[in-house]
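Beneath this line is the structure, given in structure tokens, with notes to follow.
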Amino acid sequence: MVVHLDALPDLAGAQPNPSREVVAREEATSAADAALSSSLPSRSHSMHLDPYWTALVAQQELNTHEREVAALHARLENADQQVRIMGQQVMAAAEARAAELVEGYKADERKRRAQFQATLDALREENRELTAKLEAAARAPVMGILRATTSPQWAPSGDAAVEARERVAGATSDLLVASATAVSPAEVTRQLQSIEAYWRDRLRTAERHWEDEMSRQTRQRREALDQVEELVRTVEQLQEEVRYTRRQAACLREENTRLCCAAKAVSADGVSTLVLPVPPVTTPSPEEVLRLRQALKEHQHKEAALLVQVESYSEEATRVRLRYEAALERAEQELAAERRRSTEMVKLYGSQLESLHHQLRHRAVT
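Position one of the sequence shown corresponds to residue 1 (UniProt numbering), numbered consecutively onward.
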């Protein structure tokens with residue numbers, strides 16, 4: 001153990017005796033000289049030290065040990081702090097990468113959904129165009145002439161239209177695949193952007209046409225319901241008029257019977273043998289009888305005409321109701337068929353788009 005002489009006065013300053021301090025300095029100097037000049041271990045010298053110096057050296061060793069332990073603790077804290085910082089950096093980088101991957105996946109998913117929606121809207125637009133053509137052909141009064149002079153592409157055949165759309169879809173997908181394998185990725189991207197813009201424009205047009213068609217159908221249904229309600233009100237009014245006419249006819253029949261009885265009583269010129277006095281009977285004039293008979297005939301004719309009109313209106317209301325029910329049933333059947341065809345076309349377009357995307361990804365990787 002090497003004892004630093006510079007530290008001895010500070011540590012021995014706590015001793016109150018000055019003579020002992022001088023003696024301690026001399027002894028420390030002699031001990032240091034002996035330690036430097038001798039090759040024996042310092043432990044052999046410490047055996048000859050005073051107990052005070054032994055305690056002093058032990059205190060010095062303890063302080064040195066505490067300083068080393070404190071330095072080691074400081075290094076350990078620094079290392080722990082660096083580990084925490086590195087862990088935070090790694091977690092932040094992992095979260096950023098995960099967020100980037102999630103955003104990329106969401107962007108791809110939105111793109112696929114947009115493409116699918118655009119394709120579906122295009123199919124709906126084609127179906128609406130075909131439906132409009134069929135309705136226009138059904139409403140046309142000169143359907144035979146138009147059918148004879150129109151080209152085959154306007155034929156109102158659902159199967160032919162579906163086959164034509166399938167052929168067009170197949171040719172479009174083949175053309176896209178061939179162009180994708182023949183041109184550069186930049187050209188493919190430009191073509192896809194142009195196709196996307198085209199389908200977006202068709203989507204907007206399809207939405208406008210769909211809203212117009214829905215408004216037209218709603219307006220037609222409201223008009224049909226208004227017509228049916230008007231017919232019902234007319235029938236009820238006619239039935240009320242028939243009941244009123246029947247009441248008037250019954251009153252006129254009673255009046256006619258009374259007048260006939262009075263005329264028969266007046267025409268009998270025989271003298272009554274009754275003892276009781278007979279009250280005088282007012283005899284109506286022949287003109288009044290003729291007028292009442294004419295009014296009765298008019299009411300009978302009016303009643304018959306009203307009955308005929310009620311029957312005709314009832315038949316017309318029944319025909320209108322049956323016609324609208326048949327039209328609604330036919331529209332529901334056509335809508336179901338169009339939905340089935342649209343589903344099939346959507347599946348076809350979806351498979352072709354997936355194949356095209358797969359080929360484009362494979363080409364981009366290679």
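Each residue gets a CB set at the ideal place from its N, CA and C atoms; glycine is no exception.
Cβ-based neighbour list, residue i, same chain, cut-off 6 Å, excluding 5 preceding and 5 following
i, result
"Glu-338", "Asn-127"
"Ser-355", "none"
"Leu-120", "Val-346"
"Val-289", "Leu-259"
"Gln-191", "none"
"Arg-363", "none"
Cβ-based neighbour list, residue i, same chain, cut-off 7 Å, excluding 5 preceding and 5 following
i, result
"Glu-255", "Leu-292"
"Arg-200", "Ala-118"
"Cys-261", "none"
"Gln-252", "Reading the sequence as shown, one finds Leu at residue 252 and not Gln. Cβ within range, chain order: Leu-292, Ala-295, Leu-296 and His-299."
Through-space distance from residue j to residue i, alpha-carbon basis
i, j, result
"Ser-215", "Arg-208", "11 Å"
"Glu-315", "Glu-325", "15 Å"
"Gln-102", "Gln-352", "The displayed chain sequence assigns Val, not Gln, to residue 102. Distance between the alpha carbons of Val-102 and Gln-352: 26 Å."
"Ser-342", "Ala-136", "21 Å"
"Val-90", "Met-345", "49 Å"
"Ala-114", "Leu-203", "11 Å"
"Val-365", "Gln-359", "10 Å"
"Leu-259", "His-301", "21 Å"
"Thr-54", "Asn-63", "14 Å"
"Glu-311", "Lys-297", "21 Å"
"Val-308", "Arg-243", "14 Å"
"Arg-340", "Arg-330", "15 Å"
"His-73", "Gln-82", "14 Å"
"Glu-236", "Ala-224", "18 Å"
"Tyr-198", "Phe-116", "14 Å"
"Gln-294", "Glu-303", "14 Å"
"Tyr-313", "Glu-240", "14 Å"
"residue 367", "Met-86", "In the structure as shown, the chain starts at 1 and stops at 366, and residue 367 therefore has no counterpart that could be examined."
"residue 374", "Ala-70", "Given a span of 1 to 366 for the chain in the structure shown, any question on residue 374 remains unanswerable."
"Thr-218", "Asp-212", "10 Å"
"Leu-56", "Ala-96", "60 Å"
"Gln-59", "Ala-92", "49 Å"
"Arg-233", "Arg-221", "18 Å"
"Lys-106", "Gly-350", "19 Å"
"Ala-250", "Arg-323", "39 Å"
"Glu-334", "Lys-111", "32 Å"
"Glu-332", "Thr-189", "42 Å"
"Asp-80", "Gln-88", "12 Å"
"Ser-194", "Ala-186", "12 Å"
Which of helix, strand or coil DSSP assigns to residue i
i, result
"Asp-80", "helix"
"Asp-201", "helix"
"Ser-38", "With a pLDDT of only 45 at Ser-38, under 50, the local geometry of the prediction cannot be trusted, and the value read off the model is given with reservation. Note: Ser-38 maps to coil in three-state DSSP."
"Asp-212", "helix"
"Tyr-226", "For the sequence presented, residue 226 should be read as Asp rather than Tyr. Residue state, collapsed to three classes: helix."
"Leu-306", "helix"
Own chain, CB closer than 8 Å to residue i, minus 5 neighbours either side, in chain order
i, result
"Gln-227", "Val-320"
"Glu-287", "none"
"Arg-124", "Ala-206, Trp-210 and Ser-342"
"Leu-231", "Tyr-313, Glu-316, Ala-317 and Val-320"
"Thr-245", "His-299, Lys-302, Glu-303 and Leu-306"
"Ala-122", "Trp-199, Arg-202, Leu-203 and Ala-206"
"Gln-248", "His-299"
Query raised in the report: Taking only runs of the alpha helix (DSSP H) that begin and end inside the stretch 95-136, which ones reach a length of at least 4 residues, in chain order?
Result: none
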